[in-house]
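The structure under discussion appears below in the form of C-alpha cells.
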Amino acid sequence: MPYIDVRDVCVRHGKTETLRDVGFTAERGEIVSFIGPSGSGKTTLLRTLIGLQSVECGRMTVDGRMVNMSEPGSAKVLRAQAAIVFQQFGLFGHMSVLRNLTLAPTVVAKRTHREAEHEAHELLEKLGLADKANVLPDDLSGGQKQRVAIARALMLRPALLLLDEPTSALDPRKVQEVSSLLRDLARDGMTIIQVSHAMGVVASLSDRIVLLEAGHVRALGHGRGQASQTPDIAAFMNTHSDDPESGASAGGSPQGFREPQF
Amino acid sequence: MIAFSHYDTSLLLQALLRTIILSVGGGLMGVAGAVILTALRLSGGKVLLPLRLLAVAYVQIIRRIPFIVTLYIVFFCTGMAGVDVSATVVAIGSIGLIAAAYLSEILHGGILTVPVEQVEAALTLDLPLWARWRYVIVPQAMSAVLPPAIGYLVLFIKDTALASQIGVVELSQAGVILSGRGLPSAQVFCAVLLLYFTISYPLTCLSRLLEKRIAVH
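Structure (C-alpha cells):
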C-alpha cells in the first residue's frame, strides 16, 4: 500500500471546477512534483493536502489511515502529518526568525524552549542562516525568507513536506543546496510534494511527476530520472523550460532543460 | 489671580475623581463589550448567526446616535424599569455602551488588517485557536488598533462632560458650579482645562510608547 494515496479530489470555486477527480500516489521517501500551466490547480491541490482548501469530494490514505477530505475534522489529521512551505513564505513578521521556528514546537509539540532553540539553531546553520536567528523576517532577502520557511516546516518533523515553489526565490547555488537538502530528507524517509516551475529541479529530484491541466491529471510520470520522460510530461517540460520562473534555462540536455549539478 | 478656597478645591478634586471614574469605568466596560461584539462579528457558522447580526446592528446603530441621546435613553429606561441606580452608574453604563460600539469597530478593522496568509500559516502549524490569537493575530492587529483606540479613549474623556446633563457633577459641571458661585469663569475653566489635560495626556504618552514598542517588535 502506498504511503499516500489520494483519490477523486474535486474542488469548486463557485461554478468553476478547479480540481476534477484528481488522484496520485506516493511511497514513503519519494519526491513528487506537481507541474502544469498557471491556473491548472497545482497550488489548490497542495492546499487540499493540508486541509486549507475545502473539497467537494476526495479521500486520502496516509500511512494506511483513511481521511475523508470533505469532512470537517480531516484538516487536523492531515496537519498532524504534514508541514507546508508557502510560495509567499507566511513567516510571522513580528517575530524573530528563531521564534518563527520555535513557536509551534513549544506551543503545539510541548518541546522545551531550550530543546527547540537548539534544534532551530542547528537547522539555521544547515541552511546558511546561522547569523539570522534574531533578525526579523522583513530584514531578510527573498531567498533567506524561503530557507527560513523551509526550516520552520522542518521543525515540525513532518512525515510529509509540502512545498509551493521552494526554489523560486533562490539563486542557482542556493537552489542546489536546497535541492540537496530535499534529497537528504527524502532519503531519511520524508515524503515531499512540491509545486514547481523549475523544470531542472523537477527533472532531477522527482520520483513522480503529476502534470495537471485545467484541474485534472493529464499525465503521471514515475521513476527518478524516468518520470520526466513520459511523453506528455516531457513535452510540457520542454515548452516551459524557457519560463523565466523555471529557475533553469533551456538547452544543454536532450530534454531541453538543464539539470542542476549537485 | 484668585486662590481657590478649600471647599472649591475639594469640589474640583471630587469632580476630577468622578471624571476619572466615568472614563475608566466606561472605558473598561467599552473594552469588554468591544471584545464580545468583535468576537461575535468574526464568528462563523449558523448557530451564532442571530447574535452576529445583532452585534453588527448594535455597532451600526449606536455609532449613529449622539451620546446625549443614548445617555437620556439609558437614564429614562432605568428610571421606568424602577432600577435604583445613581446618575454616575447610568453615565458609566452609557459611556460603556457607546465605547463598546466604537472600540468594536476599531478592533474589527484592526483584526481584518492581518493578512489571511498569516492565519493560514498559523493553521498549518497546527496552532490551537488560543495560540493563533495570542501569538499571531493579536500582536499584528494591535499596531492597527492601539493608536485609534487610545485616540478614541482620549476623546471620550472629554465626552464624559455630557454626564452633567443627568446631574453628575463631573469636572466641567464643577466649573459651572464654581463659576456660578461668583468665581472668575476664565480662571475656573483654565483650572478645569488643566485637569482634563492632566488625565488625558498620560494616555497620549501611553499610545506613543505602545506604538514604539509595536514598531520594535
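Same order as they appear, the protein sequences are chains A and B.
Be aware that the first sequence starts at 1, since it is given in the UniProt record's numbering, and climbs by one per residue.
Be aware that the second sequence starts at 1, since it is given in the UniProt record's numbering, and climbs by one per residue.
Beta carbons are placed, not taken as given, at the ideal position from N, Cα and C, and that holds for glycine.
Separation of residue j from residue i, as counted between CA atoms
{"i": "E115/A", "j": "L103/A", "result": "12 Å"}
{"i": "R187/A", "j": "S74/A", "result": "28 Å"}
{"i": "S38/A", "j": "G143/A", "result": "22 Å"}
{"i": "D164/A", "j": "V85/A", "result": "6 Å"}
{"i": "R134/B", "j": "S179/A", "result": "35 Å"}
{"i": "R173/A", "j": "R213/B", "result": "38 Å"}
{"i": "A198/A", "j": "S168/A", "result": "8 Å"}
{"i": "residue 265/A", "j": "L91/A", "result": "Within the shown structure, residues of chain A are numbered from 1 to 262, placing residue 265/A beyond reach of any answer."}
{"i": "V201/A", "j": "A122/B", "result": "28 Å"}
{"i": "G14/A", "j": "L153/B", "result": "43 Å"}
{"i": "L195/B", "j": "D159/B", "result": "15 Å"}
{"i": "A81/B", "j": "V77/A", "result": "54 Å"}
{"i": "S185/B", "j": "L162/B", "result": "19 Å"}
{"i": "V136/B", "j": "D171/A", "result": "30 Å"}
{"i": "V89/B", "j": "H121/A", "result": "56 Å"}
{"i": "V169/B", "j": "I95/B", "result": "16 Å"}
{"i": "P148/B", "j": "I199/B", "result": "18 Å"}
{"i": "Q88/A", "j": "E105/B", "result": "29 Å"}
{"i": "R22/A", "j": "V145/B", "result": "Here residue 22/A turns out to be Val, not Arg, going by the sequence shown. Cα to Cα, V22/A sits roughly 43 Å from V145/B."}
{"i": "D126/B", "j": "G45/B", "result": "21 Å"}
{"i": "S23/B", "j": "L97/B", "result": "13 Å"}
{"i": "V35/B", "j": "R79/A", "result": "30 Å"}
{"i": "K42/A", "j": "T25/A", "result": "15 Å"}
{"i": "residue 298/A", "j": "Y58/B", "result": "Absent from the structure is residue 298/A, since the part of chain A shown begins at 1 and ends at 262."}
DSSP-derived helix/strand/coil call for residue i
{"i": "M66/A", "result": "strand"}
{"i": "G96/B", "result": "helix"}
{"i": "H94/A", "result": "coil"}
{"i": "P244/A", "result": "In this prediction, P244/A scores a pLDDT of 47, lower than 50, which makes its location untrustworthy; the coordinate-derived value is nonetheless stated afterwards. Three-state result, P244/A: coil."}
{"i": "F197/B", "result": "helix"}
{"i": "A198/A", "result": "coil"}
{"i": "A133/A", "result": "coil"}
{"i": "A227/A", "result": "helix"}
{"i": "K126/A", "result": "helix"}
{"i": "K76/A", "result": "helix"}
{"i": "R157/A", "result": "coil"}
{"i": "G252/A", "result": "For G252/A, the predicted model reports a pLDDT of 33, less than 50, meaning its position is unreliable; a value from the coordinates is still stated below. G252/A falls in the coil class under three-state DSSP."}
{"i": "S207/B", "result": "helix"}
{"i": "R152/A", "result": "helix"}
{"i": "I68/B", "result": "helix"}
{"i": "S168/A", "result": "coil"}
{"i": "K46/B", "result": "coil"}
{"i": "L125/B", "result": "coil"}
{"i": "S185/B", "result": "helix"}
{"i": "D232/A", "result": "helix"}
Identified DSSP bridge partners for residue i
{"i": "G221/A", "result": "I209/A"}
{"i": "I84/A", "result": "L162/A"}
{"i": "M60/A", "result": "V6/A and V67/A"}
{"i": "H121/A", "result": "According to DSSP, H121/A bridges with nothing at all."}
{"i": "F89/A", "result": "F86/A"}
{"i": "H216/A", "result": "E213/A"}
Boundaries of the alpha helix (DSSP H) in which residue i is found, first to last residue
{"i": "Q194/A", "result": "Taken as a continuous stretch (DSSP letters only), Q194/A belongs to no alpha helix (DSSP H), being part of the beta strand (DSSP E) at T191 to V195."}
{"i": "Q140/B", "result": "V138 to D159"}
{"i": "M29/B", "result": "H6 to L42"}
{"i": "A57/B", "result": "L49 to I62"}
{"i": "L178/B", "result": "L171 to G180"}
{"i": "P172/A", "result": "P172 to R187"}
{"i": "G41/A", "result": "Per DSSP, G41/A belongs to no alpha helix (DSSP H) and is neither H nor E."}
Beta-carbon neighbours of residue i, restricted to chain B and to distances below 9 Å
{"i": "G73/A", "result": "Simply none; closest approach about 13 Å."}
{"i": "R79/A", "result": "L123, T124, L125 and D126"}
{"i": "L185/A", "result": "Chain B residues near L185/A: none, gap ~18 Å exceeds 9 Å."}
{"i": "L163/A", "result": "Per Cβ cutoff of 9 Å: no residues; L163/A is ~12 Å from chain B at best."}
Residue range of the unbroken beta strand (DSSP E) whose run includes residue i
{"i": "F24/A", "result": "T16 to A26"}
{"i": "S33/A", "result": "I31 to I35"}
{"i": "V9/A", "result": "I4 to H13"}
Residue-chain proximity (residue i, chain C), Cβ-Cβ < 9 Å
{"i": "V55/A", "result": "Of the chains in the structure shown, none is chain C; the protein chains are A and B."}
Contact list for residue i against chain A, beta-carbon separation under 7 Å
{"i": "E120/B", "result": "L52 and G90"}
{"i": "V47/B", "result": "Ordered by position in chain A, no residue passes the 7 Å Cβ test against V47/B, which lies about 14 Å from the chain."}
{"i": "E105/B", "result": "Correct list: empty, because the minimum Cβ distance to chain A is about 23 Å."}
{"i": "V136/B", "result": "F92"}
Neighbour list for residue i in chain B, Cβ cutoff strictly below 8 Å
{"i": "I84/A", "result": "T124"}
{"i": "L205/A", "result": "Within chain B, no residue comes near L205/A; the closest Cβ sits about 22 Å away, beyond 8 Å."}
Interface residues of chain B facing residue i [CB-CB closer than 7 Å]
{"i": "A159/A", "result": "Those within 7 Å of A159/A in chain B number zero; the least Cβ separation is about 14 Å."}
{"i": "A104/A", "result": "L125, D126 and L127"}
{"i": "R208/A", "result": "Near R208/A there are no residues of chain B at all, since even the closest Cβ is about 23 Å away, more than 7 Å."}
{"i": "L211/A", "result": "None at all; the shortest Cβ gap to chain B is about 26 Å."}
Per-residue contacts from residue i into chain A (C-beta, under 8 Å)
{"i": "E117/B", "result": "F86, Q88 and G90"}
Contact test: residue i Cβ vs the ligand ADP heavy atom, cutoff 8 Å
{"i": "L123/B", "result": "Looking for the ligand ADP in the displayed structure turns up nothing, as the structure carries no ligands at all."}
Residue i: contacting residues in chain A (beta-carbon distance under 9 Å)
{"i": "A131/B", "result": "L103, A104, V107 and V108"}
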